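Positions 1 to 193 (the UniProt record's numbering) are the ones given, in order, by the sequence shown.
Idealized CB from N, CA, C, for every residue including glycine.
Remember, it's a predicted structure, so these values are computed and weren't measured experimentally.
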Amino acid sequence: MYFIAFAFLALKLIAPALCTYQTCESIFCGGKLLHLVQTEHIFPSQKDFLYMRAKYPQEKILADFEELWRTRMVGRRDKREMVGKFVRKNFEESQVLEGCVPEDWKRKNPLEKRVRSREAAMVVRRLHLLWPVHCRKVVSEAFTKSRQYSILPLPEPFFVASADDGEATITETYWHHKALLVSGMCASCSANS
1 MYFIAFAFLA LKLIAPALCT YQTCESIFCG GKLLHLVQTE HIFPSQKDFL
51 YMRAKYPQEK ILADFEELWR TRMVGRRDKR EMVGKFVRKN FEESQVLEGC
101 VPEDWKRKNP LEKRVRSREA AMVVRRLHLL WPVHCRKVVS EAFTKSRQYS
151 ILPLPEPFFV ASADDGEATI TETYWHHKAL LVSGMCASCS ANS
């Protein structure tokens, strides 16, 4: 019990020093603006705001929001409309991830011919053909203007569970690694470790 408490405390103290990328933490990770965007249900999905790109430096956006909050929003009931307008003025939809073909992917899986069962070989083939569909990389602008995005710019391509999903989660990563090895894609597997 004490170990777990100590571990969490250590992580809380050490984690900020480990971060190498500057992100819009005060906008996308907490604060009044994010709280209002989420509680006023500005978007159909809670994630939609996090996929947006800030049009201006975060300091300007936060200063403008503080001014709006102080002068026009405190005590008002129609905050949803005002916050929505503010978000549309200061943020824009962006494509943070783009599809890509893994560098070590080949159309024909070299390990497929080792599979003796015809049904198993077909499963291996179908799985192998999915890699280009599920491979994503962070757009280059997210590296140069990282403070305008909520995403941490990963240097290597990664794989998502669903073709229309933009997230790689730890749960799927284990299975992705196993399947990459079955597809003979060791370089992609080690890049995603």
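Check	Outcome
Looking at the unbroken beta strand (DSSP E) that takes in Arg136, where does it start and where does it end?	Cys135 to Val138
How many Å lie between Arg70 and Leu152 at the Cα?	31 Å
What's the call for His176, buried or exposed, on a 16-neighbour Cβ count within 10 Å?	buried
On a Cα-Cα basis, can you pick out the residue from Arg72, Gly84, Lys145 and Gln58 that is closest to Asp48?	Gly84
Per DSSP, what kind of secondary structure is Arg70 in: helix, strand or coil?	helix
Thinking C-alpha only, which one of Leu36, Tyr51 and Arg72 is nearest Glu93?	Tyr51
Which partner residues of Leu97 appear in the DSSP bridge assignment?	Val138
Can you give me the start and stop residues for the alpha helix (DSSP H) that Ala191 sits inside?	Cys186 to Ala191
Have a look at the DSSP bridge pairing and note the partners of Glu92.	Arg53
For Tyr21, collect the residues of the same chain with a Cβ closer than 7 Å to its Cβ; drop the 5 residues on either side in sequence, then sort them by chain order.	Residue placement at Tyr21 is poorly supported in this model, since its pLDDT is 47, which falls under 50; the coordinates still yield a value, given next. Counting only Cβ-Cβ distances below 7 Å, and skipping sequence neighbours, we find Ser146, Leu152 and Pro153.
Count the other CB atoms within 10 Å of the CB of Tyr149; is the residue buried (16 or more) or exposed (fewer)?	buried
Using only CA atoms, which one of Ile27, Ala121, Cys100 and Glu81 lies nearest to Arg136?	Cys100
Using 8 Å as the cut-off, can you tell me whether the stretch 115-132 makes contact with the stretch 57-66, which would need three or more C-beta pairs spanning the two stretches below that distance?	no
Report the CB separation of Gln95 from Val139 in whole angstroms; it is logged as a contact under 8 Å.	6 Å
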